[in-house]
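Just so we're aligned, residue 232 is where the sequence shown starts under our numbering, counting upward by one. Every residue, glycine too, gets a C-beta built ideally from N, C-alpha and C. First the structure, in the form of structure tokens, and then the observations on it.
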Amino acid sequence: MTHRVAIVGAGPSGFYAVDGLLRARPDLHIDIIDRLPTPYGLVRAGVAPDHQGTKAIVRQFEKLLQQPDVRFAGNLEVGRDLSWDELTAAYDATVVATGRVLDRRLGIPGDDLPHVWGSWRFVAWLNGHPDFRAGPDLSAVRSVAVVGNGNVALDVARVLAKTPDEMAKSDIVAEAGAAIAAAPLADIHVLGRRGPEHASFTGNELAEMGRLARAAAVTDAAALQVEAPAGDPTPERLRKAKNLDILKGFAAVPPGGKPVTVHFRFHAVPVAIRPGEIELSTGVLPADLVVTCIGYDGAPLPAGDGVFAVGWARRGPSGTIPTNRADSHAVAQQVLAYLKDRDPKSGPDILPPAVDAAGWHRIDRHEVAAGAAQGRPRVKLTDWQALLDIAQGD
Ligand SMILES: Cc1cc2nc3c(=O)[nH]c(=O)nc-3n(C[C@H](O)[C@H](O)[C@H](O)COP(=O)(O)OP(=O)(O)OC[C@H]3O[C@@H](n4cnc5c(N)ncnc54)[C@H](O)[C@@H]3O)c2cc1C
232 MTHRVAIVGA GPSGFYAVDG LLRARPDLHI DIIDRLPTPY GLVRAGVAPD HQGTKAIVRQ
292 FEKLLQQPDV RFAGNLEVGR DLSWDELTAA YDATVVATGR VLDRRLGIPG DDLPHVWGSW
352 RFVAWLNGHP DFRAGPDLSA VRSVAVVGNG NVALDVARVL AKTPDEMAKS DIVAEAGAAI
412 AAAPLADIHV LGRRGPEHAS FTGNELAEMG RLARAAAVTD AAALQVEAPA GDPTPERLRK
472 AKNLDILKGF AAVPPGGKPV TVHFRFHAVP VAIRPGEIEL STGVLPADLV VTCIGYDGAP
532 LPAGDGVFAV GWARRGPSGT IPTNRADSHA VAQQVLAYLK DRDPKSGPDI LPPAVDAAGW
592 HRIDRHEVAA GAAQGRPRVK LTDWQALLDI AQGD
């Protein structure tokens, strides 16, 4: 008899928890449960489809799925297909790794208009999440407002700005790629409510905006006469100073040199959204599409004896994939300490039928083979039934 641990959520934080647990207790039985038939959470559904290098982290997670006492149970939503109470009663410990992806709203008039999209809904569409198959109508979109000053705002602006050639090696879903390519896009406004010295872009992602084939990144030099806040810790100050240098390069670019212009606008606080435009504290801009990249909320978490949260579910929507490693490893230590003086529970296996690792591998092989025919890393299945049929070997 050994302890059984349920990990709910097969994103990075869930897998890093598996890793932390197995390093100390290779004998543990671990079930990693996800509501989707596919693992890897936001690495599959959030990370931009043209950043395949970032998505390569899944190779590490894949190795964990191959451990003999680790079971993947996909297409199983805790709270719907089995209750949190049933789960926590049956397992010796439960790790909640469910993430946090409810789009936050701007809270201004017009933020619920149909042309206003939260970044999760938008990025999940690009990435083929089966719950988000319908995208925005881009057929008459000339001007886009991307609200926010983090890397998700850059992802959205970049994927809109890139040419089909630049996206050719990505795994963007075909419908989204075609809609973007056909849109009459001319201007993308990336809007920060504060100054550039507060933007949370990282340098590589910001610099990439200056190297796009059909889009020129521009900004107003007047906003850049600032320094990174002196009170920030050194790494933050260095990051912000680098951002300011990159933005100074953008300020030297003459507008109009390429078919699309990405405008970085600062001190631009959204006040109201109307069809075709966004009103800012600084004036009104045309905006046929507004994408808000202002963070995420989460559903309330279960709590109780033997229940531990990790990742975005625990910390909120901040931190990169690697941030979750240290966090999940620390929580794994708490789980191990909790299990130390407890006898394993002896009840039956309560998991309903689910998509197992073999089922996921059938999906994976199918997608990769479909991609190979087009020179892409994969062509994702976006339809629930198609995913389940392939998982079952139909
Ligand atoms: C748009 C976007 C782009 C990003 N780009 C990058 C990037 O380029 N580089 C980088 O380092 N970081 C990036 N991040 C951050 C990174 O994705 C997160 O740090 C990381 O995914 C958080 O991991 P997590 O395991 O906590 O949550 P998630 O990755 O969200 O995983 C949660 C999992 O739980 C499952 N789940 C939820 N509820 C249930 C339930 N009730 N039952 C069963 N399963 C459930 C979900 O299906 C999901 O698979 C990005 C984030 C976003 C939103």
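Buried/exposed call for residue i, threshold 16 Cβ in 10 Å
i    : result
G514 : exposed
V491 : buried
P553 : exposed
G578 : exposed
D572 : exposed
T285 : exposed
M232 : exposed
S350 : buried
G606 : exposed
P367 : buried
L612 : buried
G487 : exposed
G379 : buried
V347 : buried
A603 : exposed
A255 : exposed
A540 : buried
A287 : exposed
Cα-Cα separation between residue i and residue j, rounded to whole angstroms
i    : j    : result
D343 : R336 : 8 Å
W615 : A452 : 48 Å
V538 : L318 : 10 Å
L391 : A279 : 11 Å
H260 : R290 : 21 Å
K471 : T433 : 8 Å
L313 : I621 : 24 Å
S549 : F246 : 18 Å
V610 : G277 : 16 Å
P501 : I525 : 12 Å
L422 : L469 : 22 Å
P395 : G408 : 7 Å
S512 : A518 : 15 Å
N306 : G535 : 25 Å
R546 : G310 : 21 Å
S431 : M440 : 15 Å
Q623 : T551 : 33 Å
E458 : L475 : 8 Å
A412 : A557 : 40 Å
D334 : P460 : 29 Å
F363 : Q283 : 21 Å
CB contact below 7 Å: residue i versus chain C
i    : result
E293 : The displayed structure is made up of one protein chain only, and chain C is not part of it.
Short Cβ contact (7 Å threshold) for residue i with residue j
i    : j    : result
F495 : T523 : no
F481 : G426 : no
E293 : R266 : no
N435 : P243 : no
L516 : H420 : yes
G341 : A503 : yes
L478 : L455 : yes
A365 : V377 : no
R352 : Y527 : no
L520 : V301 : no
W315 : P584 : no
R445 : K473 : no
P414 : L369 : It is Ala, not Pro, that sits at residue 414 in the sequence shown. Cβ distance < 7 Å, so A414 and L369 count as in contact.
D281 : M398 : yes
Cutoff 6 Å; reference residue i; Cβ partners in own chain excluding five residues on either side
i    : result
V484 : A447, V449
L582 : A304
D418 : S374, T492
P257 : none
R424 : V500
G542 : S244, A328, N555
L416 : V491
Contacting residues, own chain, Cβ-Cβ under 7 Å from residue i (five flanking each side not counted)
i    : result
F303 : A241, I263, P270, L296, D587, A588, W591
8 Å Cβ shell around residue i - same chain, five flanking residues per side excluded
i    : result
P575 : M232, T233, H234, R235, D323
A601 : R609, V610
V354 : A276, G277, A279, V383, D386, V387
A619 : Contrary to the premise, residue 619 reads as Leu rather than Ala in this sequence. Excluding sequence neighbours, L619 sits near P268, N306, V586.
Meets three-Cβ-pair contact criterion under 8 Å: the stretch 561-568 and the stretch 381-388: The answer is no - the stretch 381-388 does not touch the stretch 561-568, with fewer than three Cβ pairs under 8 Å.
- Could you tell me whether the stretch 232-241 touches the stretch 317-327, where touching means 3 or more Cβ pairs closer than 8 Å? The stretch 232-241 vs the stretch 317-327: in contact.
Open item on the list: Contact between the stretch 584-602 and the stretch 268-282 is defined here as three or more beta-carbon pairs at a separation below 8 Å; is this criterion met?
Closed with: Yes, the stretch 584-602 touches the stretch 268-282.
Measuring CB atoms only, is the stretch 397-406 touching the stretch 357-372, in the sense that at least three cross pairs come out at less than 8 Å?
Three or more beta-carbon pairs separated by less than 8 Å link the stretch 397-406 to the stretch 357-372, which places the two stretches in contact.
Exercise. Does the stretch 249-262 come within contact of the stretch 565-573, defined as at least 3 CB pairs closer than 8 Å?
Worked result: The stretch 249-262 is in contact with the stretch 565-573.
>> Three Cβ pairs or more, each shorter than 8 Å: is that satisfied between the stretch 457-470 and the stretch 499-513?
In response: No: fewer than three Cβ pairs fall under 8 Å.
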